[in-house]
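J.:
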Amino acid sequence: MHQAEGQSKSVAPIVEDARRDLFDAVPRTSLLQIPMEHWVSLQRANRCSKLICPRPPHSACQLPTSQSLTFSGRGLRRHRVRAVSRTPSPNQDVRVVFSAKECFVSTAIAYEDAVDLLDSDHKLVQKLLIQFQTLHESGAPPEDRRTMAERICAELTIHTQIEEELFYPAVREATGDDALLDHAEEEHQEAKDLIARIQAMGPEDEGYDDCVQQLAGAVMAHVMEERERVFLQARYSPLDLRGLAVELYERKQELRSAAGGMPELPPEKTPE
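Numbered continuously in the numbering used here, the sequence shown closes out at residue 324.
#1: Do the stretch 282–301 and the stretch 162–179 meet, that is, are 3 or more Cβ pairs less than 8 Å apart?
#2: Thinking just about the alpha-carbon of each residue, which of Ile210, Gln265, Ile182, Ala222 is nearest to the one in Leu296?
#3: Have a look at Arg249 and Arg198 and give me their C-alpha separation to the nearest angstrom.
#4: In whole angstroms, what is the alpha-carbon distance linking Asp229 and Leu176?
#5: Determine the burial state of Ala311: buried for a count of at least 16 other Cβ atoms within 10 Å of its Cβ, exposed for fewer.
#6: With C-beta atoms as the reference, is Arg303 less than 7 Å away from Ile214?
#7: So the candidates are Glu202, Leu232, Pro193, Ser190; which of them puts its Cα closest to the Cα of His274?
#8: To the nearest angstrom, report how far apart Ala206 and Met200 are at their CA atoms.
#9: Just to confirm, are Ala236 and Val271 a CB contact at a threshold of 7 Å?
#10: Please list, in chain order, all residues of the same chain as His242 whose beta carbon is under 7 Å from its beta carbon, the five residues on each side excluded.
#11: Using the Cβ count rule (16 or more neighbours within 10 Å means buried), how would you classify Thr226?
#12: Within this structure, are the beta carbons of Val298 and Phe184 separated by less than 7 Å?
#13: Between Leu293 and Leu218, is the Cβ-Cβ spacing less than 7 Å?
#14: I'd like the ranges of any alpha helix (DSSP H) spanning at least 4 consecutive residues and lying wholly in the stretch 175–255.
#15: Taking all protein chains shown into account, decide if Pro194 is buried (16 or more other Cβ within 10 angstroms of its Cβ) or exposed.
#16: Grab me the residues of Leu246's own chain with a C-beta within less than 8 Å of its C-beta, minus the 5 sequence neighbours each way, in chain order.
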């Protein structure tokens with residue numbers, strides 16, 4: 053058992069280096085033109101990395117005795133982390149965990165926790181970016197490309213806002229890793245600047261599609277780093293990620309309503 057664990061730990065850096073080499077081999081500005089075989093290799097490396105370096109067990113986030121930890125700060129007013137022993141007695145209060153679960157059911161969101169919710173946003177935006185590239189390559193009408201770009205920008209704007217209002221402050225206070233979160237916010241600002249440029253242009257303008265591709269490169273690079281560093285820190289922290297997911301979901305719905313909903317997507321096309 054211990055020998056197998058040691059082998060996994062020794063192999064993990066090799067897998068990580070190989071996966072990074074695959075990603076770094078492609079310029080960020082042309083990520084939408086990555087050959088399919090390159091993505092397949094990257095996905096295989098990701099799956100291998102997850103097997104060798106799996107998600108930390110829930111018990112890793114628990115403290116040895118029953119106590120409450122309350123984090124203060126914007127967006128954290130309901131973030132109570134209930135730490136219980138691995139074998140809680142019948143008298144120990146674990147209602148915080150169960151109430152979060154009940155809240156999940158009542159809001160009908162199928163997310164395991166805050167990390168799962170945010171990563172589902174990543175996957176949606178990546179899918180939309182690929183659809184935009186398909187429109188670009190098929191010579192789709194300018195209005196279709198504009199609608200797709202507007203949807204991408206809208207999804208990213210809401211995603212970055214809920215992260216900066218709720219998720220990043222919670223992780224920052226729980227982990228104390230200011231440098232990591234500062235860097236993540238800098239990457240957000242890069243995406244915001246590109247979104248502003250796209251929104252100021254039209255699909256007939258020269259460089260419009262190139263700007264969307266630059267946004268794709270920035271987003272995909274940020275997603276990889278966030279998965280590897282920020283999300284991992286969050287899962288090893290004592291944060292109540294289920295309770296935080298409820299707050300993120302509620303705020304996301306508020307922002308969608310305030311924006312009047314999301315732009316409708318053009319019919320999806322597949323390359324011939």
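Backbone N, C-alpha and C fix where the C-beta goes; we use that ideal spot for every residue, glycine too.
T.: From the atom records:
#1: Short answer: they touch.
#2: Scanning Ile210, Gln265, Ile182, Ala222 for the CA closest to the CA of Leu296 turns up Ala222.
#3: 13 Å
#4: 28 Å
#5: exposed
#6: yes
#7: Leu232
#8: 10 Å
#9: no
#10: Before going on, a small fix: residue 242 reads as Glu here, not His. So the qualifying residues of the chain are Ala270.
#11: In the sequence as presented, Thr is not what sits at residue 226; that position holds Ala. Under this definition Ala226 is a buried residue.
#12: Annotated as distal: Val298 and Phe184, with beta-carbon spacing of 7 Å or more.
#13: no
#14: 194–214, 220–227, 230–251
#15: exposed
#16: Around Leu246: Cys263, Gln266, Leu267, Ala270.
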